[in-house]
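**Q** Mind having a look at this structure? Questions to follow.
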Amino acid sequence: MSNLPLDVIAEILSRLPVKFLSRYLCVSKQWYALIHSQAFINLHLRRSIESNTDRTLILHQQHATDPFDYFSVHFQNNDQFGKPMKIHHPPLPPCVNMSTQQIHGLVFVRSNTGELAIWNPLIRRYRKLPTLEKPFPSITIALGFGYDTRNDDYKVLRVVHFLNRELDVKMYSLKSKSWKNIKEQWPKKGWKRSSKSVSVNGALHWLVAEDKQGPVMILAFDLANEKFRDFATPRQPPTYGAERFLEACLEGFLEACLEVLNGKLCFIVNLDKKDNEVWLMEEYGEGSSWTRVYKIEYDGVFKNVKFFNPLMFSKNSKEILMEKCHWDRTFLIWFDREIKEHRKVKIRKLPHVFQTAICTGSLLLLDGDNVISRY
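The sequence shown: position 237 = 248 (this note's numbering), numbered continuously.
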């Protein structure tokens with residue numbers, strides 16, 4: 012290949028999984044410079060998204076009696092999975108928690124002491140965020156990681172309520188490697204929110220509720236224009252209001268939650284602990300475009316389930332890979348939404364309880380710190 016033009020080499024390499032590209036960095040200085048170039052990183056990411064073939068499950072072990080380890084499981088084109096491999100995470104003591112939503116192969120992690128990092132587990136690189144002031148007493152109202160589509164930037168939003176003063180809203184930019192103050196304020200101090208945020212269409216989203224009888228809403232923060240907005244959910248949880256909504260979140264039984272499915276905002280609602288409905292917003296920001304994808308009864312497959320997460324569609328879109336969480340066990344299943352039957356994913360030596368993120372292969376953060384060298 013040494014006689015080929017560089018643009019032809021780039022075209023060939025851009026179609027390869029990241030595990031091969033990591034090895035090819037040592038082939039020559041020319042290849043090293045090519046793979047490290049931003050143009051090639053962007054080209055490879057575009058190919059990876061288009062082909063949707065280089066995907067890996069990142070599992071975060073959750074059981075209290077076990078170490079909080081991370082595992083990777085490669086997802087193959089025939090909807091099958093490889094063997095779980097233990098991987099190193101960024102060195103953020105004492106315990107590192109993972110956001111279950113990945114963005115272009117990047118995962119947001121935080122420690123119990125408030126340290127934050129953005130991590131690319133497939134190339135074992137990360138960037139630790141500068142430490143922010145958080146004097147006691149204070150409450151973190153919101154924390155989210157998202158992609159600014161307008162400026163091609165990856166950002167973290169942090170909203171903290173210092174009990175002796177106003178809310179503090181700050182945003183970190185991966186491009187500038189720095190935090191900045193945001194003038195826009197969290198709309199209402201009394202709003203209670205779900206702990207999980209999701210990033211869709213250049214905005215972060217939370218479920219929020221204001222008062223005892225008020226409806227549950229979706230609050231969005233646009234990462235480009237730095238403005239908040241809210242819009243309605245397609246259905247309301249059976250118990251309304253901020254007080255019960257927050258209690259349910261703290262108890263770990265979510266009456267409603269947000270996810271991202273097939274690149275669209277996904278709303279899941281539990282109806283009286285009997286049935287679950289999964290809705291997709293087909294046209295972002297258009298309330299009339301909410302479409303119920305399927306309904307699941309809380310018996311048989313989902314009996315005694317704490318909660319479940321839809322992760323992705325199968326290659327033919329007939330099945331959905333789902334994370335089924337009991338109180339003491341987590342399972343991965345393929346759920347056929349037409350005939351409403353399931354088949355269990357058979358992967359040996361998985362942790363008993365875990366959270367799942369599905370990572371797209373990318374070279375983002377190739378210039379970041381090496382996870383391995385910090386252990």
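Glycine included, each C-beta is placed from N, C-alpha and C at the ideal position.
This one's a predicted model, so the numbers in the text were calculated from it and none came from an experiment.
Relative to the alpha-carbon of Arg303, which residue among Trp290, Cys268, Tyr295 has its alpha-carbon at the smallest distance?
**A** In the sequence shown, residue 303 corresponds to position 292, counting from 1. The candidate whose alpha carbon is nearest that of Arg303 is Trp290.
**Q** For Ala368, is the classification buried or exposed, using 16 other Cβ atoms within 10 angstroms of its Cβ as the cut-off for buried?
**A** Numbered from 1 along the sequence shown, position 357 holds the residue referred to as residue 368. Burial call: buried.
**Q** Does DSSP put Ala50 in a helix, a strand or coil?
**A** Taking the sequence shown and counting its residues from 1, one reaches residue 50 at position 39. Looking at Ala50 - three-state DSSP - the assignment turns out to be helix.
**Q** From what residue to what residue does the beta strand (DSSP E) around Glu126 run?
**A** Here the question's residue 126 lines up with position 115 in the sequence shown. Unbroken run through Glu126: none, as it is neither H nor E.
**Q** Taking the alpha carbon of Lys186 as the reference point, which residue from Gly125, Lys166, Ser122 has its own alpha carbon closest?
**A** Counting from 1 along the sequence shown, the entry for residue 186 is found at position 175. The shortest Cα separation from Lys186 among Gly125, Lys166, Ser122 belongs to Lys166.
**Q** Look at the Cβ atom of Leu374, then the Cβ atom of Ile152, and state whether they are nearer than 8 Å.
**A** Numbered from its first residue, the sequence shown carries residue 374 at position 363. Numbered from its first residue, the sequence shown carries residue 152 at position 141. No. Outside cutoff.
**Q** Quick check on Ile134: does DSSP put it in helix, strand or coil?
**A** By one-based count along the sequence shown, residue 134 stands at place 123. If DSSP states are grouped into helix, strand and coil, Ile134 belongs with coil.
**Q** Helix, strand or coil for Ile98, going by three-state DSSP, please let me know.
**A** To locate residue 98, count along the sequence shown from 1; it is residue 87. DSSP places Ile98 in strand when its eight states are reduced to three.
**Q** Helix, strand or coil: how does DSSP classify Lys30 here?
**A** Counting from one through the sequence shown, the residue named residue 30 turns up at place 19. Correct three-state label for Lys30: helix.
**Q** Mapping DSSP to helix, strand and coil, what is Glu294?
**A** On the sequence shown, position 283 is the one that residue 294 refers to. If DSSP states are grouped into helix, strand and coil, Glu294 belongs with coil.
**Q** Is the distance from the Cβ of Pro101 to the Cβ of Val84 below 8 Å?
**A** As a working note, residue 101 is residue 90 in the sequence shown. As a working note, residue 84 is residue 73 in the sequence shown. The answer is no: Cβ separation not under 8 Å.
**Q** Can you give me the C-alpha to C-alpha distance between Gln73 and Val107, rounded to a whole angstrom?
**A** By 1-based counting over the sequence shown, the position of residue 73 is 62. By 1-based counting over the sequence shown, the position of residue 107 is 96. Looking at the two C-alpha atoms, the distance is approximately 11 Å.
**Q** How big is the Cα-Cα spacing for Ile60 and Gly372?
**A** Translated into positions along the sequence shown, residue 60 becomes position 49. Translated into positions along the sequence shown, residue 372 becomes position 361. Their backbone Cα atoms lie some 8 Å apart in a straight line.
**Q** Exposed or buried, Tyr81, counting other C-beta atoms within 10 Å across all chains shown (16 or more means buried)?
**A** Residue numbering aside, residue 81 sits at position 70 when the sequence shown is read from its first letter. Buried, by the Cβ-count rule.
**Q** Just the C-alpha distance for Ser149 and Phe173, rounded to the nearest angstrom, thanks.
**A** To locate residue 149, count along the sequence shown from 1; it is residue 138. To locate residue 173, count along the sequence shown from 1; it is residue 162. Going from the Cα of Ser149 to the Cα of Phe173 covers about 4 Å.
**Q** For Lys360, count neighbouring Cβ atoms within 10 angstroms of its own Cβ and tell me buried if that reaches 16, exposed if not.
**A** Position 349 of the sequence shown holds residue 360. Exposed is the call here.
**Q** Measure the Cβ-Cβ separation of Phe324 and Met333 and say whether it is below 8 Å.
**A** Within the sequence shown, residue 324 is the residue found at index 313, counting from 1. Within the sequence shown, residue 333 is the residue found at index 322, counting from 1. No; because the gap between Cβ atoms is not below 8 Å, this pair is not in contact.
**Q** Lys329: which of Phe342, Phe319, Arg348, Leu343 sits nearest, CA to CA?
**A** Here the question's residue 329 lines up with position 318 in the sequence shown. Closest by alpha carbon: Arg348.
**Q** By the three-class DSSP mapping on this structure, what secondary structure does Gln87 have?
**A** On the sequence shown, residue 87 is found 76 positions in, with the first residue counted as 1. Gln87 falls in the coil class under three-state DSSP.
**Q** In the DSSP assignment, what are the bridge partners of Leu361?
**A** As a first step, residue 361 is located in the sequence shown; it is residue number 350 there, counting from the start. BP columns for Leu361 are empty, so no partner.
**Q** Under a three-way DSSP split, which group does Ser189 fall into?
**A** Translated into positions along the sequence shown, residue 189 becomes position 178. Ser189 falls in the strand class under three-state DSSP.
**Q** Quick check: what's the CA-CA separation for Arg138 versus Lys351?
**A** One-based indexing of the sequence shown puts residue 138 at position 127. One-based indexing of the sequence shown puts residue 351 at position 340. If I take the Cα positions, the gap works out to 42 Å.
**Q** Would you check if the distance between the CB atom of Ala214 and the CB atom of Gly157 is smaller than 8 Å?
**A** Counted from its first residue, the sequence shown places residue 214 at position 203. Counted from its first residue, the sequence shown places residue 157 at position 146. A contact, by the Cβ cut-off of 8 Å.
**Q** Tell me which residues share the same chain as Phe6 and place their Cβ nearer than 7 Å to its Cβ, disregarding the 5 neighbours each side in the sequence.
**A** Not covered by the structure: residue 6. The range shown for the chain is 12 to 386.
**Q** Confirm, please, whether the CB-CB distance from Val211 to Tyr305 is below 8 Å.
**A** Taking the first residue of the sequence shown as position 1, residue 305 is located at position 294. Taking the first residue of the sequence shown as position 1, residue 211 is located at position 200. Going by C-beta atoms, Tyr305 is not nearer than 8 Å to Val211.
**Q** Are the Cβ atoms of Ser356 and Glu270 separated by less than 8 Å?
**A** Residue 356 sits at position 345 when you count from the first residue of the sequence shown. Residue 270 sits at position 259 when you count from the first residue of the sequence shown. For clarity, residue 356 is Val in the given sequence; the question names Ser instead. No, these two residues do not count as a Cβ contact at 8 Å.
**Q** Is it right to say Leu376 is buried, meaning 16 or more other beta carbons lie within 10 angstroms of its own, or is it exposed?
**A** Here residue 376 refers to the residue found at position 365 of the sequence shown. Buried: at least 16 other Cβ atoms inside 10 Å.
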